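Below: one structure, written as structure tokens.
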Amino acid sequence: MANDTAALTPRAEDFPRWYQEVVAQAEMAENGPVRGTMVIRPWGFGIWELLQGELDRRIKEAGAQNAYFPLFIPEQYLQLEASHVEGFSPELWVVTHGGGNRLEEPVVVRPTSETVVNHFFAKWIQSHRDLPLLVNQWSNVARWEMRTRLFLRTSEFLWQEGHTAHASEAEATEYAVRILRDVYLDAMERVMCVPTLIGHKTERERFAGAVRTWTCEGMMGDGKALQLGTSHELGTNFAKAFGITFSDEQGALRHVFQTSWGASTRLIGGLIMVHGDDFGLRLPPALAPSQVVVMVVRADESTGPAAAAIAADLRGAGLRVSIDERTGTSFGRRAIDWERKGVPVRVEIGPRDLAQDSAVVVVRHDRSKNPVRLGGLVGAVTAALDETAERLFAEARAFRDTRISEVATLGEAIEVAADGFAVVPLATLGEAGEDALAESGVSVRCLQRPDGSLAEEAEEELVAVVGKAY
RNA sequence: CGGGCUGUAGCGCAGUUUGGUUAGCGCGCUGCGUUCGGGACGCAGAGGUCGGCGGUUCAAAUCCGCCCAGCCCGACCA
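Those letters in the first sequence? Residues 5 to 474, per my numbering, in order.
Pasting the structure below:
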């Protein structure tokens, strides 16, 4: 298993280093051979698959269907939308050769798929009866990045990207917000147990080609911000660039209003940085590839069969269960391996337990250990998993709340943003204020109403949540 | 793209200044045994184009030249 015997660097001592060590020692991912690329190992990919399932179900509930568009995009497509090309040009990987020959027209590896998708939307949409068109794809994308960190920023990453077309602006806005709330916010808070702020971006932070960008922002364990998911209103920008028109009920030819939205493997990085502790990862039960590991403390004629029976009972209750009977490896080593991987509950079973018809239940989130009668094991484990989800969320929210302050001046905002979020009236900030923040490495994460709700119309009394971002 | 640094076993490193038998150490790995309730121990093993190419020399991981790759710091970024 882990081939590193060193203890983890404490979070408080060096947070970035702690993060890297958790990713490595929990066997989640490692660097690929090409600079900035990432190999996602089975444990990390297992988490991604579960998260993917949760997001996918919500996306489908919101009415979108999955489809797939090509990895390669003609370079000229990118040129069609002015601000889009301006935003993405520096990040493009361009393929110039194929089959040993120079290509007549270079193709870009998709950095995002608005351009190809909309090329086809233009073909598929003729009538108001074709609307709304709601499509999602799960894919990889590639962007040239200067400085990469596993999961948080990699040259290639996995994500879903949704693309929709609507007959009216109001409908597009409503859908973009619906995705933000019903898909992203819901999955982040209920599945990932990550308390999440929602709002919209300032012009400076807006997606290249969007008229408005909605965002989900989480606070990491060091007080920095991570953008967890975004939903963009594209207005008619791409519709005009790609000629996406439809005949309305009156027979008039009009441009569609569009949205696009995405969430990526970056979420796994956020999960680690929100819930991890000095002993490693702590997984919310819904995303744990193994929710329970039954550990055989010592091999004898009774422990193996007992562990198998316990595992069968737990599986019967619908849980994901692993059995660890590697009794050739010392107990401590194995316990620490599972702890680092963040498995929410361990059930330890040895001769001593069996003699008392019990097992030891160890809960990862607070590392508590308690003996439990075998007959009550399924109930105890299920309760511990439910409690883990609640406690992880509550703990993260309590931490975040202690690191958010309302402030009245730019100076205070910068000070607070050193290790948390500052909430400052937008009127105080202005565009000049945003420039001033940028000089200290601080940015506006999102704009919201003073009560934290979304400002769906142009409103006067908004506040800006500012912080340092990953 | 500017500045600094590093390439020696799967990983982390020593050895290079001052060239000299068979290139070492820790972890990991394999086998056997003793262990096993929070990072076990003993014994025996396996594993190397010393980043690459060329040069100097009786002799190169070590000196010289060129090349390649990676890391860190700056400018840029979901």
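Cβ coordinates follow ideal geometry from the N, Cα and C atoms, glycine included.
Please read all numbers here as calculations on a predicted model, not as lab measurements.
With burial defined as no fewer than 16 other Cβ atoms inside 10 Å of the residue's Cβ, what is the status of residue i: buried or exposed?
{"i": "G224", "result": "Looking at the sequence itself, residue 224 is Met, so the reference to Gly does not match. Per the 10 Å Cβ criterion, buried."}
{"i": "M196", "result": "buried"}
{"i": "E463", "result": "exposed"}
{"i": "A310", "result": "buried"}
{"i": "Y478", "result": "Only positions 5 to 474 of the chain appear in the structure, and residue 478 is not among them; the question remains open."}
{"i": "T333", "result": "exposed"}
{"i": "K472", "result": "buried"}
{"i": "R151", "result": "exposed"}
{"i": "S268", "result": "buried"}
{"i": "A412", "result": "exposed"}
{"i": "D423", "result": "exposed"}
{"i": "H101", "result": "exposed"}
In angstroms with no decimal places, state the Cα-to-Cα distance between residue i and residue j.
{"i": "R368", "j": "L201", "result": "27 Å"}
{"i": "P74", "j": "V113", "result": "9 Å"}
{"i": "L358", "j": "P375", "result": "11 Å"}
{"i": "L466", "j": "P115", "result": "32 Å"}
{"i": "S33", "j": "Q254", "result": "For the sequence presented, residue 33 should be read as Ala rather than Ser. Distance between the alpha carbons of A33 and Q254 is about 55 Å."}
{"i": "H88", "j": "V347", "result": "42 Å"}
{"i": "E448", "j": "A468", "result": "It is worth fixing the name first, because residue 448 is Val in this sequence and not Glu. Going by the C-alpha atoms only, they are around 6 Å apart."}
{"i": "W47", "j": "L414", "result": "43 Å"}
{"i": "F19", "j": "G233", "result": "23 Å"}
{"i": "A6", "j": "A339", "result": "Low confidence applies here, because A6 scores a pLDDT of 34, under 50, leaving its location unreliable and the question unanswered by this model."}
{"i": "G456", "j": "D252", "result": "37 Å"}
{"i": "S370", "j": "L55", "result": "With the sequence shown as reference, residue 370 is identified as Asp, and Ser is not the correct amino acid for it. Spanning the two alpha carbons is a distance of roughly 23 Å."}
{"i": "E438", "j": "E416", "result": "14 Å"}
{"i": "A30", "j": "F49", "result": "12 Å"}
{"i": "P289", "j": "R185", "result": "22 Å"}
{"i": "K228", "j": "L275", "result": "13 Å"}
{"i": "L257", "j": "S131", "result": "9 Å"}
{"i": "L156", "j": "A243", "result": "31 Å"}
{"i": "F92", "j": "T263", "result": "18 Å"}
{"i": "E352", "j": "D281", "result": "22 Å"}
{"i": "R286", "j": "D328", "result": "19 Å"}
{"i": "F397", "j": "M192", "result": "10 Å"}
{"i": "E58", "j": "F76", "result": "28 Å"}
{"i": "R84", "j": "G247", "result": "The identity of residue 84 in the sequence shown is Leu, whereas the question assumes Arg. Distance between the alpha carbons of L84 and G247 is about 11 Å."}
{"i": "A321", "j": "T386", "result": "8 Å"}
If you follow the beta strand (DSSP E) that residue i is part of, which residue opens it and which one closes it?
{"i": "M42", "result": "M42 to I44"}
{"i": "P1", "result": "What is shown of the chain runs 5 to 474, which leaves residue 1 out entirely."}
{"i": "K373", "result": "S372 to R377"}
{"i": "F250", "result": "T249 to S251"}
{"i": "F73", "result": "That residue, F73, is in no beta strand (DSSP E); it is neither H nor E in DSSP."}
{"i": "E221", "result": "R216 to M223"}
{"i": "Q164", "result": "E160 to H170"}
{"i": "V301", "result": "V301 -> no beta strand (DSSP E), and no H or E assigned at all."}
{"i": "I340", "result": "That residue, I340, is in no beta strand (DSSP E); its alpha helix (DSSP H) goes F335 to K345."}
{"i": "I272", "result": "Careful: I272 lies outside any beta strand (DSSP E), inside the alpha helix (DSSP H) at R270 to H279."}
Give the range of the alpha helix (DSSP H) segment to which residue i is assigned.
{"i": "V89", "result": "A86 to F92"}
{"i": "W128", "result": "E118 to W128"}
{"i": "A315", "result": "T307 to G320"}
Below 8 Å on the Cβ atoms is my guess for residue i versus residue j; work out the distance and round it to an integer in Å.
{"i": "D361", "j": "L378", "result": "6 Å"}
{"i": "I51", "j": "L291", "result": "5 Å"}
{"i": "P78", "j": "V111", "result": "6 Å"}
Q) So does the stretch 115-130 actually touch the stretch 12-21, counting three or more Cβ pairs closer than 8 Å? A) no
Q. Does the pairing of the stretch 89-98 with the stretch 146-165 give three or more beta-carbon distances under 8 Å?
A. yes
Q) If we count Cβ pairs, one from each stretch, closer than 8 Å, do we get three or more for the stretch 425-442 versus the stretch 162-177? A) no
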